[in-house]
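Undergrad:
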Amino acid sequence: LWQCAGRGGCHVTILSSSELDGLKHAAAARAVEEVENGMVLGLGSGSTAEIAVQVLAERVAKGLRVQGIPTSAKTAALARRLGVPLTSFAEHHHIDLSIDGADQVERGTMNLIKGLGGDLLREKIVASVSDRMIVAVDETKLVDHLGGNRPLPVEVVSFGWQTVFDHLVAIGCVPRLRLAGDTPFLTDGGNYIVDCTIAEIPDPEMLDANISAIVGVIETGLFIALASKVMVGRPAGVEVIE
Ligand code: 5RP
Numbered sequence: 003l004w005q006c007a008g009r010g011g012c013h014v015t016i017l018s019s020s021e022l023d024g025l026k027h028a029a030a031a032r033a034v035e036e037v038e039n040g041m042v043l044g045l046g047s048g049s050t051a052e053i054a055v056q057v058l059a060e061r062v063a064k065g066l067r068v069q070g071i072p073t074s075a076k077t078a079a080l081a082r083r084l085g086v087p088l089t090s091f092a093e094h095h096h097i098d099l100s101i102d103g104a105d106q107v108e109r110g111t112m113n114l115i116k117g118l119g120g121d122l123l124r125e126k127i128v129a130s131v132s133d134r135m136i137v138a139v140d141e142t143k144l145v146d147h148l149g150g151n152r153p154l155p156v157e158v159v160s161f162g163w164q165t166v167f168d169h170l171v172a173i174g175c176v177p178r179l180r181l182a183g184d185t186p187f188l189t190d191g192g193n194y195i196v197d198c199t200i201a202e203i204p205d206p207e208m209l210d211a212n213i214s215a216i217v218g219v220i221e222t223g224l225f226i227a228l229a230s231k232v233m234v235g236r237p238a239g240v241e242v243i244e
């Protein structure tokens, strides 16, 4: 983690994986504090969102009444195992609060890059119908500008995915088909993911529109103006951005 402070210059802090887990836990626990009785919740995916489900399960065991709509088969299985009641869009078209992680959070705008876990489509559907989306991250996810060191995941239809590559290159991305071993990684919806390496993104909204306009693209990992609050786990405590 690069940290820069005034005239003190910049230095690198190396966080161990257990320190990182501690930061994720603190952020996730703070997010779950916002859950109230009777809420329909969006349950995110990824390691931080899974911690949130664990913390939520502890509150459910003590009598909290909520129902969750999971954003992945993995989160659904975890919630079931821990006794968090689940529901679906067949019963509820509207979500009170969703809690999810992110791969990058742009500090000034709370715009996000998501999808390194491959669940961006369901996560975005859930976020888009949520009154509030709270994002829980460790401080390594916070950036001044999206892009750069993290690729932008794009979910594409498997048929003709090669044709999408040409358009992405024209937009300025370096596309790479995500693999699981020797075969293409498949999302829960049975689609492929193309990871696009791109320099800093000056206008995420325009990039999202340009990529979404490519035939064969299902959804991008750019989450624009969807987050209402970000809980950032830092060694000194949780920073709340809103
Ligand atoms: C999955 C996601 C995750 O929320 C994102 O990858 C962050 O995961 P983690 O908390 O494990 O770093 O978008 O599609």
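Using the UniProt record's numbering, the first residue of the sequence shown is number 3, and each one after it goes up by one.
Ideal Cβ placement from N, Cα and C applies to all residues, glycine included.
None of these values were measured; they are calculated from a predicted model.
I need the DSSP call for I216, collapsed to helix, strand or coil.
TA: coil
Undergrad: Within the segment 54-83, note down every full beta strand (DSSP E) run reaching 3 residues or more, in order along the chain.
TA: With a minimum length of 3 residues, the continuous beta strand (DSSP E) runs that stay inside the segment 54-83 are 69-72.
Undergrad: Roughly how many whole angstroms lie between the Cα atoms of D105 and P206?
TA: 15 Å
Undergrad: Near E125, what residues of its chain come up, given a Cβ to Cβ distance below 7 Å and the 5 sequence neighbours on each side ignored?
TA: The beta carbon of E125 lies closer than 7 Å to those of G46, S47, T73, D102, K116 in the same chain, with the five residues before and after it left out.
Undergrad: With C-beta atoms as the reference, is I173 less than 9 Å away from V128?
TA: No. Outside cutoff.
Undergrad: Apart from the five residues just before and just after G223, which ones in its own chain have a Cβ nearer than 6 Å to its Cβ?
TA: I115, K116, G117, L122, L154, P155
Undergrad: Below 6 Å CB to CB, which residues in the same chain sit around H94 once its five sequence neighbours on both sides are set aside?
TA: V42
Undergrad: So, with DSSP's three-state summary, where would you put M208?
TA: Note: M208 maps to helix in three-state DSSP.
Undergrad: What residue range does the alpha helix (DSSP H) around E21 cover?
TA: E21 -> alpha helix (DSSP H) spans 19-34.
Undergrad: If you draw a straight line from the alpha carbon of T189 to that of V217, how long is it in whole angstroms?
TA: Looking at the backbone, the Cα of T189 and that of V217 are separated by about 18 Å.
Undergrad: What residues does ligand 1 have around it, judged by CB closer than 6 Å to any heavy atom, in chain order?
TA: G46, S47, G48, S49, T50, A51, D102, G103, A104, D105, K116, G117, L118, G119, G120, D121, L122, E125
Undergrad: Three Cβ pairs or more, each shorter than 8 Å: is that satisfied between the segment 62-73 and the segment 31-42?
TA: yes
Undergrad: Secondary structure at K116, three-state DSSP: helix, strand or coil?
TA: coil
Undergrad: Going by DSSP, what residues sit across from L228 in a beta bridge?
TA: Paired residues: none, contrary to the question.
Undergrad: Tell me where the alpha helix (DSSP H) around L123 begins and ends.
TA: 122-130
Undergrad: Pull up the distance between the alpha-carbon of K76 and that of I53, whole angstroms please.
TA: 13 Å
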